[in-house]
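3 is the number of the first residue of the sequence shown in our numbering; add one for each residue after it.
All residues carry an ideal CB built from backbone N, CA and C; glycine is no exception.
Just so it is clear, the structure is predicted and the values come from calculations on it, not from any experiment.
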Amino acid sequence: MENEAWTAEAERNFVWNKLQTLRSTYLNNMIELYGTLTARSNQPMPAEQLQKLKHYKDVLHRMIPYLRVPQDRVPAEFNRDKVDAFEKQIKNIMETFQRRR
Numbered sequence: 003m004e005n006e007a008w009t010a011e012a013e014r015n016f017v018w019n020k021l022q023t024l025r026s027t028y029l030n031n032m033i034e035l036y037g038t039l040t041a042r043s044n045q046p047m048p049a050e051q052l053q054k055l056k057h058y059k060d061v062l063h064r065m066i067p068y069l070r071v072p073q074d075r076v077p078a079e080f081n082r083d084k085v086d087a088f089e090k091q092i093k094n095i096m097e098t099f100q101r102r103r
């Protein structure tokens, strides 16, 4: 039981540290990109392009709060695998829009 508690605590610490690293690395750029996508979504463009833009904007809107959450409010289901997938998704979005700038 004690070993399981230590493992759970180690997992929470890993997730928290990873979120803090992602926050310091990507949060400001994600907020900036969200603002850019919001501005672009108000401009005329083909419906398909607008739909993709709104999709990325919605994804960013859902992701940003996870980088701002206090340590005691990180969801329990947010484990090592999820935070790794979260990081991969952030990198993919940021790389996609970095190439377009």
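Leaving aside the five residues before and after PHE80 along the sequence, list all residues of the same chain whose C-beta is less than 7 angstroms from its C-beta, in chain order. Working through the sequence shown from its first residue, we reach residue 80 at position 78. Within the same chain, Cβ atoms closer than 7 angstroms to the Cβ of PHE80 are found at VAL17, the five residues on either side in sequence being excluded.
Quick check: the Cα distance between PHE99 and ARG70, rounded to an integer number of angstroms? Position 97 of the sequence shown holds residue 99. Position 68 of the sequence shown holds residue 70. Roughly 22 angstroms between the two C-alpha positions.
Rounded Cβ spacing between LEU35 and LEU52 (contact assumed at less than 8 angstroms): By one-based count along the sequence shown, residue 35 stands at place 33. By one-based count along the sequence shown, residue 52 stands at place 50. Contact doesn't hold; Cβ gap of about 16 angstroms is too wide.
Report buried or exposed for THR33, applying the criterion of at least 16 other Cβ atoms within 10 angstroms of its Cβ. Within the sequence shown, the letter at position 31 stands for residue 33. Position check: residue 33 holds Ile in this sequence, whereas Thr was assumed. Exposed, by the Cβ-count rule.
Starting from MET65, trace the alpha helix (DSSP H) both ways and give me its first and last residue. Sequence index remark: in the sequence shown, residue 65 carries index 63 (1-based). Its alpha helix (DSSP H) spans residues 49-70.
Our contact map puts SER43 next to LYS56 with C-beta atoms below 8 angstroms; I'd like the distance itself, whole angstroms only. Residue numbering aside, residue 43 sits at position 41 when the sequence shown is read from its first letter. Residue numbering aside, residue 56 sits at position 54 when the sequence shown is read from its first letter. 6 angstroms between Cβ atoms; contact.
Does DSSP classify ASN44 as helix, strand or coil? Against the sequence shown, residue 44 aligns to sequence position 42. The answer is coil: DSSP assigns ASN44 none of H, G, I, E or B.
Starting from the Cα of GLU89, find the closest Cα among THR27, ASN15, ASP60, ARG14 and give me that residue. Counting from one through the sequence shown, the residue named residue 89 turns up at place 87. Residue THR27 is the option with its Cα nearest to GLU89.
Using DSSP with H/G/I as helix, E/B as strand and the rest coil, what is ALA78? Residue numbering aside, residue 78 sits at position 76 when the sequence shown is read from its first letter. It is coil, neither helix nor strand.
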